[in-house]
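Peer 1:
Number of protein chains: 2
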Amino acid sequence: MMNPMTPELLAWLTSIVGAGNLSTAQADLDLHARDQSHHPAHPGDVVIWAQTGQQVADILRLANEQRIPVTPWGVGTSLEGNCIPLFGGILLSFERMTKIVEVHADDFQVTVQPGIGHRDLNAELARYGLFFPPDPGANATIGGMLANNASGIRTVKYGASKDNVLKMQVALADGRLISVGSRSIKQSSGYDLLHLFVGSEGTLGIITEATLKLMPIPAHMSAVVAAFPSVEAAVETVVAVRGSGLDPAALEFIDATHAVMLSETDGVDLAAYPTLFMEFHAAHEATLDYGIEMVREICDDLGAISVRATTDTAERKRLWHARHHSYEIMVRQHRDKHFFIMDVAVPISAYPELIGYVEQIKKERGITAYMIGHAGDGNIHVEFPYVGEDEYAQAMQADHDIVLRALELGGTATGEHGVGIGKARYMTTEHGAALDVMRSIKQALDPNNILNPGKIFPALEPAMA
Amino acid sequence: MMNPMTPELLAWLTSIVGAGNLSTAQADLDLHARDQSHHPAHPGDVVIWAQTGQQVADILRLANEQRIPVTPWGVGTSLEGNCIPLFGGILLSFERMTKIVEVHADDFQVTVQPGIGHRDLNAELARYGLFFPPDPGANATIGGMLANNASGIRTVKYGASKDNVLKMQVALADGRLISVGSRSIKQSSGYDLLHLFVGSEGTLGIITEATLKLMPIPAHMSAVVAAFPSVEAAVETVVAVRGSGLDPAALEFIDATHAVMLSETDGVDLAAYPTLFMEFHAAHEATLDYGIEMVREICDDLGAISVRATTDTAERKRLWHARHHSYEIMVRQHRDKHFFIMDVAVPISAYPELIGYVEQIKKERGITAYMIGHAGDGNIHVEFPYVGEDEYAQAMQADHDIVLRALELGGTATGEHGVGIGKARYMTTEHGAALDVMRSIKQALDPNNILNPGKIFPALEPAMA
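Respectively, the protein sequence lines represent chains A and B. Heads up: the first sequence begins at 2 in my numbering, then just goes up one per residue. Heads up: the second sequence begins at 2 in my numbering, then just goes up one per residue.
1) What does DSSP give as the partner residue(s) for Asp344 of chain A in the beta ladder?
2) I need the DSSP call for Gln444 of chain B, collapsed to helix, strand or coil.
3) For a contact meaning CB atoms closer than 7 Å, what does Gly145 of chain B contact in chain A?
4) Indicate whether His348 of chain B and Gly412 of chain B have their beta-carbon atoms separated by less than 8 Å.
5) Please list the partners that Val181 of chain B has in chain A, where partner means a Cβ-to-Cβ separation under 9 Å.
6) Under 8 Å, Cβ to Cβ, is there at least one residue of chain B near Val76 of chain A?
7) Assuming contact is defined by CB atoms lying nearer than 8 Å, are Arg307 of chain B and Ala228 of chain B in contact in what I supplied?
8) Locate the alpha helix (DSSP H) running through Gly327 of chain B, then write down its first and last residues.
9) Would you say Pro448 of chain B lies against chain A (beta-carbon separation less than 8 Å)?
10) Give me the chain A residues within the contact set of Arg177 of chain B, using Cβ-Cβ distance strictly less than 7 Å, ordered along the chain.
11) Given a limit of 8 Å on CB to CB distance, which residues of the stretch 288-305 of chain B reach chain A?
12) Quick check on Met279 of chain B - is its C-beta less than 8 Å from some C-beta in chain A?
13) I need the DSSP call for Ser16 of chain B, collapsed to helix, strand or coil.
14) Listed from N- to C-terminal order along the chain, which residues in the stretch 320-334 of chain B have their beta-carbon within a distance smaller than 7 Å of any beta-carbon of chain D?
15) The beta strand (DSSP E) with Pro73 of chain B in it runs from where to where?
16) Along the stretch 98-110 of chain B, what residues have a CB closer than 8 Å to any CB found in chain A?
17) Which bits of chain A does Leu197 of chain B rub up against, with CB to CB less than 9 Å?
18) Please state the DSSP three-state secondary structure of Ala136 of chain A.
19) Taking its Cβ as the centre, do 16 or more other Cβ atoms sit within 10 Å of Pro249 of chain B, making it buried, or is it exposed?
20) Examine chain B for any beta-carbon lying closer than 8 Å to the beta-carbon of Ala445 of chain A, and answer yes or no.
21) Tell me the DSSP secondary structure of Thr415 of chain A in three-state form.
22) Could you tell me which residues DSSP puts in a beta bridge with Thr142 of chain A?
23) Expressed to the nearest angstrom, what Euclidean distance is found between the alpha-carbon atoms of Leu126 of chain B and Phe132 of chain B?
24) Given this structure, state the Cα-to-Cα distance separating Tyr192 of chain B from Val166 of chain B, to the nearest angstrom.
25) Assuming Glu417 of chain A and Pro86 of chain A are in contact, meaning their beta carbons sit under 8 Å apart, how far apart are those beta carbons, in whole angstroms?
26) Rounded to whole angstroms, what is the Cα-Cα separation between Ser183 of chain A and His119 of chain A?
27) Using a Cβ-Cβ cut-off of 8 Å (strictly less than) and excluding sequence neighbours within five positions of Glu202 of chain A, which residues of its own chain qualify?
28) Given a cut-off of 8 Å on the beta-carbon distance, is the pair Gly379 of chain B and Ser185 of chain A in contact?
29) May I ask you to verify whether the stretch 296-311 of chain A touches the stretch 230-239 of chain A, counting CB pairs closer than 8 Å and requiring at least 3?
30) May I have a chain-ordered list of the beta strand (DSSP E) segments no shorter than 3 residues that lie completely inside the stretch 294-331 of chain B?
31) When you compare each of B:Leu63, B:Pro230 and B:Gly145 to Asp36 of chain B by their alpha carbons, which one comes out closest?
32) So with Cβ pairs under 8 Å, would you call Leu247 of chain B a contact of chain A?
33) Got a sec? Which residues, its chain only, sit under 6 Å from Thr276 of chain A by beta carbon, not counting five neighbours each side?
34) Can you tell me which of B:Glu354, B:Thr78 and B:Lys364 puts its alpha carbon nearest to the alpha carbon of Ile381 of chain B?
35) Can you name, in chain order, every residue of its own chain whose Cβ lies under 8 Å from the Cβ of Asp31 of chain B, other than the five neighbours on each side?
36) Output yes if chain A places a C-beta closer than 8 Å to the C-beta of Arg243 of chain B; else output no.
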């Protein structure tokens, strides 16, 4: 499938990064062989820790000449096998490129190396009263978040990773190092290459530096948790809250099964109903009080069974505890199981139908599964605990059926986890002839398919030399 | 330069759109030969009014086979010659594709044909309590706004056109009709082709349908107008207001010269100081009152000479009158002149330096010019009244110098008017090696360069058959 790694090649690579930044030790290969998904591990032939953008470019030039696959690695928190070196070759780690290059405080921007974790970045930015809003849960790296267009809880107000980046340095397969985007907030100058590379999962180029948009840390926050008699009523509330102009910072959904499980396991006070978790941010506390009044009114009008709301910080954290810790609570409840987390998104109006379909599958097939989602964005995750081949196969089949249903409903095979390995087989159905355009662009920028081969495109394997 | 239009070709084209939707009359050619910019008129050989996306695709397939340039046309309000058929051929007008295809009210989305004007669209959407936020001033078409990534006054809160579109149907040069993006708000599925076509000025494909993101019409608005002793103080205020978390819906700047001119001509009450116009939107009126208090405090702290604020609708409109009518007021003041409006953007921190540079040029060269800009985005327009060749040349030279200064300051040659004809010569300086990547993509998607030739790329002319 690929050219083998030779002592000569290793010597060349060592001359680029130095002996201390390269390893072929099995332990290092194994540590970079799988992400947090169910996809099987596959090791690279060498792990390289790059330290500069120019090194990355030099590595790519060599790899391209020698037809060696290169798979970029942030910290391995992806959920679709996005960073698994499926065809071996070079595992290019950014664990040693974690610097904040420059804080542009007056511009609400920061320039960083791609290996920094978003939590570590936000810890540093707090002193400026600023933060980078996208939060996918794990302490993913900025490079990984941009490459996969990660998002998370606060996307409904602040957008996904793609909405919070202005400029990047990108190394191309042939060793060119280019700059895309601008530190100017507005730019209508030529093709939007920035967003072409964002979300391309390292298959078109590798991000070596990024300038991010920051937001002021909100001075005041409120929380509202409301239970509803039906998914339909919950979704009507989502639509009404968004339509009110209240601009929620989070609008999260859990299904009744999940609410019960959270209550039983963690003693949190949730009833067995579809439940919405909301958060609002404001510059002035009084704004939140008025907002809460409006939200209460909307929830009551739409038949909410209970509505709890607060502007108090401790109480807010208590109310959100179940949502923020839902994954670990679920794991505690099923200590003998693995977990498969699937990700799809649909237009919000199709949310009740999609959730109804998942309920139907669970019932008909006797599957245990929990639903948790970013309802404000129409994004849902179905979490399957499984052990053994039968339960795994059952989860995989349910996943497949739910993806197809989401696509039928005008949605997407992946809202925020990316395509990676797992979703490649849906790309033809989702994109039709547009997938050929993606192929043309891939061919134009990486004709030898050395960049993260085996991802995004169904059955596109690296070229032989 | 191109193949000539022949009776045979015209017959083929007529068979696609019908005789009533095609004209070679000089009057029709002349009506579609120039936009609102200073760029010289150039007619196409035939004007075609398409009525469906499939017709557009069929026209492109034929034009591609015959090597005939195709230039798309919305309503001709562009400001950099973006829609001038520089090499003749087919002028493809969207004046007969103005339908609202579907309102997805619960999803805050609308699907439209590209020829509808954004004002006409918003008039229809008002009944749903929704609106499409980008507003470039003129009643530009949605297709033209997307093709040029137009923005305008409210971008600081709501984003540019690129931030307010979810899905498009696009006709490619070879006659394929593809769908890009998704009605799902979140999508991390393959390459972001949506944003590749947005802002590509019809050089990669032609937008034949678009699904737009809508926002709830704000229930309450306030206005603040404040004058400052210096540009620096005004910009510090911009930074502080953005940092406060107040989320302004508009943050506009005019320079002292413009303030004086507006006062003298229209009797508006503005002093000879750099002035900021701000607008805030809220779901609840009380929020605005608190907001105004905070803004007043910020302005006073930063040395404002005067601060006027209101939540009253009539008073708000009165305060904003000068800003909203600045162009026509300026035209009234200089009845014997033409106007050249230039567009650049920089990181906000570089705004004072850029404006200082324009002041210096004006003073040293004795040029009359007015500055008006979207300060919240670092975007500035310099407006030059001119008559005769000397003044025109002087304006062109100033334009050139200001663009280069903006690029030196880390900015862009165009914040919102697009590249068109006028900015093509800066693309190498602005993008460096990334321009070659743009060329590769152009080559992959439009190898014969039939799509809007002569735009974006310096000296890229259509291929001969």
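Ideal Cβ placement from N, Cα and C applies to all residues, glycine included. Computed from a prediction, not measured in an experiment: that's the story for all the values here.
Peer 2: Looking at the coordinates:
1) Taking the first sequence and counting its residues from 1, the one referred to as residue 344 of chain A is at position 343. Note: Asp344 of chain A sits in a beta bridge opposite A:His382.
2) Residue numbering aside, residue 444 of chain B sits at position 443 when the second sequence is read from its first letter. DSSP places Gln444 of chain B in helix when its eight states are reduced to three.
3) Against the second sequence, residue 145 of chain B aligns to sequence position 144. Those within 7 Å of Gly145 of chain B in chain A number zero; the least Cβ separation is about 12 Å.
4) Taking the second sequence and counting its residues from 1, the one referred to as residue 348 of chain B is at position 347. Taking the second sequence and counting its residues from 1, the one referred to as residue 412 of chain B is at position 411. It is Pro, not His, that sits at residue 348 of chain B in the sequence shown. A contact, by the Cβ cut-off of 8 Å.
5) The residue you call residue 181 of chain B lines up with position 180 of the second sequence. Those within 9 Å of Val181 of chain B in chain A are His432, Ala435 and Val438.
6) Stepping through the first sequence from its first residue, residue 76 of chain A is reached at position 75. No, because no Cβ of chain B sits closer than 8 Å to the Cβ of Val76 of chain A.
7) Reading the second sequence from its first residue, position 306 is the one you call residue 307 of chain B. Reading the second sequence from its first residue, position 227 is the one you call residue 228 of chain B. Sequence inspection shows Ser at residue 307 of chain B; the Arg mentioned does not correspond to that position. Cβ atoms of Ser307 of chain B and Ala228 of chain B: closer than 8 Å.
8) Locating residue 327 of chain B in the second sequence gives position 326, where the first residue counts as 1. The residue you asked about is not Gly; residue 327 of chain B is Ser in the sequence shown. Run containing Ser327 of chain B: Ser327 to Gln334, per the alpha helix (DSSP H) assignment.
9) Along the second sequence, read from residue 1 onward, the residue named residue 448 of chain B stands at position 447. Output row for Pro448 of chain B: interface = no.
10) Position 176 of the second sequence, counting from 1, holds the residue named residue 177 of chain B. In chain order: Ala434.
11) Thr288, Tyr291, Gly292 and Met295
12) Translated into positions along the second sequence, residue 279 of chain B becomes position 278. Cβ-Cβ to chain A under 8 Å: no for Met279 of chain B.
13) Here residue 16 of chain B refers to the residue found at position 15 when the second sequence is read from its first residue. Here Ser16 of chain B sits in helix by DSSP.
14) You won't find chain D in this structure, because its protein chains are A and B.
15) If you number the second sequence from 1, residue 73 of chain B lands on position 72. Per DSSP, Pro73 of chain B belongs to the beta strand (DSSP E) from Val71 to Trp74.
16) His105, Asp107, Asp108, Phe109 and Gln110
17) As a position in the second sequence, residue 197 of chain B is number 196, starting the count at 1. Here the neighbours are Tyr192, Asp193, Leu194, His196, Leu197, Val438 and Ile442.
18) As a position in the first sequence, residue 136 of chain A is number 135, starting the count at 1. The identity of residue 136 of chain A in the sequence shown is Asp, whereas the question assumes Ala. Strand, per DSSP.
19) Sequence index remark: in the second sequence, residue 249 of chain B carries index 248 (1-based). It counts as buried.
20) Translated into positions along the first sequence, residue 445 of chain A becomes position 444. Yes, its Cβ sits closer than 8 Å to a Cβ of chain B.
21) Within the first sequence, residue 415 of chain A is the residue found at index 414, counting from 1. Coil.
22) Here residue 142 of chain A is taken as the residue at index 141 of the first sequence, counted from 1. Answer is A:Gly118.
23) Position 125 of the second sequence holds residue 126 of chain B. Position 131 of the second sequence holds residue 132 of chain B. Distance between the alpha carbons of Leu126 of chain B and Phe132 of chain B is about 6 Å.
24) Position 191 of the second sequence, counted from the first residue, corresponds to residue 192 of chain B. Position 165 of the second sequence, counted from the first residue, corresponds to residue 166 of chain B. Computed Cα separation, rounded: 16 Å.
25) Looking up residue 417 of chain A in the first sequence gives position 416. Looking up residue 86 of chain A in the first sequence gives position 85. Contact flag wrong, Cβ pair sits at about 23 Å.
26) Counted from its first residue, the first sequence places residue 183 of chain A at position 182. Counted from its first residue, the first sequence places residue 119 of chain A at position 118. Rounded to whole angstroms, Ser183 of chain A to His119 of chain A spans 21 Å at the Cα level.
27) Residue 202 of chain A sits at position 201 when you count from the first residue of the first sequence. Here the set comprises Asn83, Ala148, Asn149, Gly419, Val420, Gly421, Asn453, Lys456 and Ile457.
28) Taking the second sequence and counting its residues from 1, one reaches residue 379 of chain B at position 378. Taking the first sequence and counting its residues from 1, one reaches residue 185 of chain A at position 184. Yes, these two residues count as a Cβ contact at 8 Å.
29) yes
30) 307-311
31) In the second sequence, residue 36 of chain B corresponds to position 35, counting from 1. Here the closest residue by C-alpha is B:Gly145.
32) To locate residue 247 of chain B, count along the second sequence from 1; it is residue 246. Leu247 of chain B counts as touching chain A.
33) As a working mapping, residue 276 of chain A is identified with position 275 in the first sequence. The residues are Ala228, Ile255 and Ala260.
34) Here the question's residue 381 of chain B lines up with position 380 in the second sequence. It is B:Glu354.
35) The residue given as residue 31 of chain B occupies position 30 in the second sequence. For Asp31 of chain B, where only same-chain residues beyond five positions count, the Cβ hits under 8 Å are Ala42 and Pro44.
36) Here residue 243 of chain B refers to the residue found at position 242 of the second sequence. Chain A, which has a Cβ nearer than 8 Å to the Cβ of Arg243 of chain B, makes this yes.
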